[in-house]
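Input: a single structure, listed below in structure tokens.
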Amino acid sequence: MSTATRETVAGRVGDSAVRPDAALKVRGEFAYSSDLFADDMLWGATLRSPHPHARIRSIDVTAALTLPGVYAALTHADVPGENRYGLDHRDQPVLAEDVVRYQGEPVAVVAADHPETARRALDRIAVDYQVLDPVVDAELAMAEGAPVLHPECPGGNVLRHVRIRRGDPEATAEVVVTGEYRVGMQDQAFLGPESGLAVPAEDGGVDLHVATQWLHVDQSQVAHALGLPPEKVRLTLAGVGGAFGAREDLSMQVHACLLALRTRRPVKMVYGREESFFGHVHRHPALLRYEHGADRHGRLVSVRAEIVLDGGAYASSTPAVVANAATLGIGPYQVPNVRMDCWGVYTNNPPCGAMRGFGAVQACFAYESQMDKLAERLGMDPVELRIRNAMREGSTMPTGQVVDSAAPVAELLRRVRDKPLPPPADPTDPRDLPGGVANTTRGDGVVRGVGYGVGIKNVAFSEGFDDYSTARVRLEVLGGEPVVSVHTAAVEVGQGLVTVQQQIARTELGIARVTVLPADTGVGSAGSSSASRQSYVTGGAVKAACERVRDTLCALAATRLGREVGLVDGKLVTADGAVAASIADVLGDEVIERTVEWRHRPTFPLDPLTGQGNAHTQYAFAAHRAVVDVDVELGLVKVVELACAQDVGRAINPQAVLGQIHGGSAQGLGLAVMEEIQVVDGTVRNPSFTDYLIPTIVDMPPMVVDVLELADPHAPYGLRGVGEPPTISSTPAIVAAIRAATGRALTRVPVRPDDIALAGSASRPVPSRPEVPCD
Amino acid sequence: MRVNVEVNGEQRTEDNVWEGESLLSLLRDRLGLPGAKNACEQGECGSCTVYLDGVPVCACLVAAGQAEGRSVRTVEGLADGDALHPVQQAFVEAGAVQCGFCTPGLLVATHDLLSRVSHPSDGEIREALAGNLCRCTGYEHILDAVRLAATRGGGRRDQEWRSPDRAGRPGAGAPRDTGDPECER
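Chains as they are written, first to last, in full-length UniProt numbering: chain A, 1 to 775; chain B, 1 to 185.
Structure below.
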């Protein structure tokens, strides 16, 4: 019998464990996809359409190939498999054939021995375009007679229409407010540009090292386009510099593989920032029309809504975004009568798809704006109105789905409301004033405003999708100590999933030394690092695989020791609590390895006519209070403070949870006051970080955060997805605060200085409610 | 062209550098130092921040030839062997690293800030790091990291490495200590 004492290992579930990749990252030694090199490597580059809509009469690459240092110049004719890919349906060519449908669509790719040579080769490719009128207005694209952009789409330019009918859709109410809202096109703006390295293999296949969100969905699309069996297209995750949805679709994956297979040399492709704006999908711009009906006490009677999402040139994940906007589109409120119609539409604008919040963001800006409008009409406090209608556990969604775990919407609102308000800004410190050190104001004309927002998000994939993850866990003894390795294809994008996997293995097995192996397609799919799902689904898979390993170890120990034992804190322990053996004693040279495919509870499709169905597996909620100072004459906004309350079920890593809430809130701030891809006639006008602004450390205010841990009994450890909810509610809270300060209607995000300073007669009188003059 | 440059204390010579290449691509693509990152190519994001003769610069905005005969220090040159620099250690502990793409630039910018102002106020931190974009963290844990590094004397290390003359740069000069413990929160 071992005499070792039992002690709990550090870095378990619930601890703020340090990320295993942190030391490499601060040393500058973490290998991001753009850092990769191979001997004899070539550089790939992409020729893109300058037109949002054009017919291609001809493409001539001859002059590019005559440039010294150029090894390949490929067009659609060189795509060996089907020249189509796409997440939902394959409607997008790898390289354009006879038509281009958006500005920036890839037309040809080249490989050369220096990136500048590759760029010059692109200039030598002659493409004869017949420019066509672009379809740039999503509503007009739905109209009869609009040019049809994808003849194979049965709905014309309507990619998907989700209808939800609940109760009496024509119900009348004592008080009715209507509104029309618009959301601009937001970019994920991850810092690490699209990049990767494709290496041709001896077996005729290819090894691709790439930054992505979902290795296996890349693998299947790349293999399809290359005409290769999936096992000949092997993907390994390279370091990912952020994702936020933008890496769910392919970018350079097929292109690099095509060039590598053609040249028989490794090919690296790295987008610059400008190209990155054309290289990935964006958040859908939206037009949202709402009618809220309530009784005189502020109880919601009905919501009628129409949402049009501009999907741009290709489908990407638009169908799923439409379902989210529709099913979550009345917000976290109890409403007996609902009529919701949401459309996703093809246009010649940049393709739109996944971005953090995924359809819930656009709807939340509209329904929360409506709640403020209703509160004002009723003369009610906006938080009180929300609390009166707040959904709770047991409430029914407009889809008929009953919310069957914690839904502390009212509590989240109370928490942010009851936080102390920040002190007035110091008018002598320009850093605290709108406009900052540009010194545009000295505090005169600065008005403070306070606003609130609360949102709802589904966690994981929905509508009957077979949403699973695979984990392989291995236990062995090395150097006399038990060591665990965890192998999944789950993508670490920065969120801390590698840490979570370690923490789960330490918790389940009580072993300190846990290694998370590089993610690759050598193990089964983990699904996407999106939809706030990986801690839940891959976390669930790792937990289940650890349990199998533990069971196997205990059975082995029982055989060897001749009595039943359990695994407690890394020791084999008898029923009376005595340590019977160490893992090393029992295991010796044996290795225990178990692979588990793990699924969350099934979801179901929506009824196509009524939108009824248990489409989602888990809901998540966050609320924000925003405090802003606005220079009402110059239209400049300074967000002074953001308070957030969010239920995370169980904080697997409290520090990482806070990091998600801070970062998500910052992206919502960006959408509220600065971030928009400006698209004019289908053409992007600001594809750079000089012209597309994301929040700096000066723009982002201090945050006060309450994290609730109300366990979801259906989820591993009770956890609830964390990443998306804070992005959803911060935007409407900030805009509500600006409205409170300015009296402007502000029906569009991002709010621009002109909307505040030049809104003219459209403004309402400045209400007396929450504002405090700055000086 | 040939470029001679001292990088992280080591004299390096690189031949056949194209005149259009930046210091950033010289470091990343030729000298095997990919720590400084290329995220915007316009000096907006600060991911490529390195010291050039002791002054933080965006390496994407400096031509490789401009580094001729000069001294460069990158994120790879901050740690002392296996021991992380206190600024690096603070970023690790405070959760200031998520995807980490902005981290190298932020580390150099923080290292520079703390060498000038040993206990910066939050306002000073925000102003000093305003040129470094981070898309993941919302900056809260970055502020925590800078405060933590300051309390550990993160700016007092390796002063000898710094160029003695920093005249002409706004905010530059001899290291100073605001001495205000209130600033540390």
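Idealized CB from N, CA, C, for every residue including glycine.
Because the structure is a prediction, the values reported are computed rather than measured.
With contacts defined as CB atoms closer than 9 Å, V254 (chain A) and Q221 (chain A) qualify as a contacting pair. With its beta carbon less than 9 Å from one in chain B, L658 (chain A) belongs to the interface. Of the residues assessed, R57 (chain A) falls on the exposed side of the cut-off, its CB having fewer than 16 other CB atoms within 10 angstroms. Under the three-state reduction of DSSP output, R415 (chain A) falls in the helix class. At a C-beta separation below 9 Å, S688 (chain A) has these neighbours in chain B: C40, E41, Q42, E44. Below the 7 Å Cβ cutoff, chain B contributes no neighbours of I728 (chain A), its closest Cβ being approximately 15 Å away. Rounded to the nearest angstrom, the Cβ distance from A256 (chain A) to V240 (chain A) is 16 Å, too far for a contact under 8 Å. Close to chain B, meaning a Cβ-Cβ distance shorter than 9 Å, are the following residues of the region 188-210 of chain A: Q188, A189, F190, L191, G192, P193. Closest in C-alpha terms to L719 (chain A), from the list A:G205, A:R119, A:R448, A:G540, comes A:G540.
Taking a C-beta distance under 9 Å as the contact criterion, A225 (chain A) and K232 (chain A) do not qualify as a contact pair.
Contact of H111 (chain B) with chain A is not assigned, every C-beta pair being separated by 9 Å or more. Listed as beta-bridge partners of Y139 (chain B) by DSSP are no residues whatsoever.
Distance from E41 (chain B) to R273 (chain A) at the Cβ level is roughly 6 Å; contact confirmed, criterion being Cβ atoms closer than 8 Å. Under DSSP, M269 (chain A) takes part in a beta bridge, and its partners are A:G196. DSSP lists A:C342 as the beta-bridge partner residues of V162 (chain A). About 6 Å separates the beta carbons of A407 (chain A) and Y619 (chain A), which is inside the 8 Å limit, making them a contact pair.
Residue environment for R160 (chain A): buried (at least 16 other C-beta atoms within 10 angstroms of its C-beta).
The Cβ of P120 (chain B) sits no closer than 9 Å to any Cβ of chain A. Taking C-beta separations shorter than 6 Å and ignoring five residues to either side along the sequence, the partners of E174 (chain A) in its chain run D295, R296, following chain order. Close to chain B, meaning a Cβ-Cβ distance shorter than 7 Å, are the following residues of the region 689-704 of chain A: F689, T690, I694, T696, I697, V698, M700, M703. Judged by their CB atoms, G455 (chain A) and A622 (chain A) are nearer to each other than the 9 Å cut-off. Contact check for S530 (chain A) against G245 (chain A) passes: the beta carbons are separated by less than 9 Å. Contact check between the region 177-193 of chain A and the region 358-370 of chain A: three or more CB pairs, one atom from each, fall below 8 Å, which counts as touching.
Taken atom to atom, the span from the alpha-carbon of L642 (chain A) to that of H624 (chain A) is near 7 Å. The CB of S665 (chain A) comes closer than 8 Å to the CB of G138 in chain B, given here in chain order. R304 (chain A) has its alpha-carbon roughly 8 Å from the corresponding atom of N337 (chain A). Considering only A:Q401, A:R650, A:D91, A:P351, the residue with the shortest C-alpha distance to E152 (chain A) is A:D91. At the C-beta level, V75 (chain B) and V92 (chain B) stay beyond 9 Å of one another.
The region 548-567 of chain A makes no contact with the region 427-441 of chain A; the number of CB pairs closer than 8 Å stays below 3. Comparing alpha-carbon positions, the option among B:C134, B:V5, B:G46, B:S71 lying closest to V108 (chain B) turns out to be B:G46.
Sequence-ordered contacts of the region 99-128 of chain A with chain B read H114, P115, E116 [C-beta pairs closer than 9 Å]. Of all residues in the region 6-25 of chain A, only S16, V18, R19, D21, A22, A23, L24, K25 place a beta-carbon less than 9 Å from a beta-carbon of chain B.
Contact holds between the region 28-48 of chain A and the region 191-204 of chain A, because three or more Cβ pairs, one in each stretch, are under 8 Å apart.
R548 (chain A) is outside the set of residues whose beta carbon lies under 9 Å from a beta carbon in chain B. If you draw a straight line from the Cα of R12 (chain B) to the Cα of R2 (chain B), it comes to about 10 Å. Between the region 119-135 of chain A and the region 60-80 of chain A there are three or more C-beta pairs closer than 8 Å, enough to call the two in contact.
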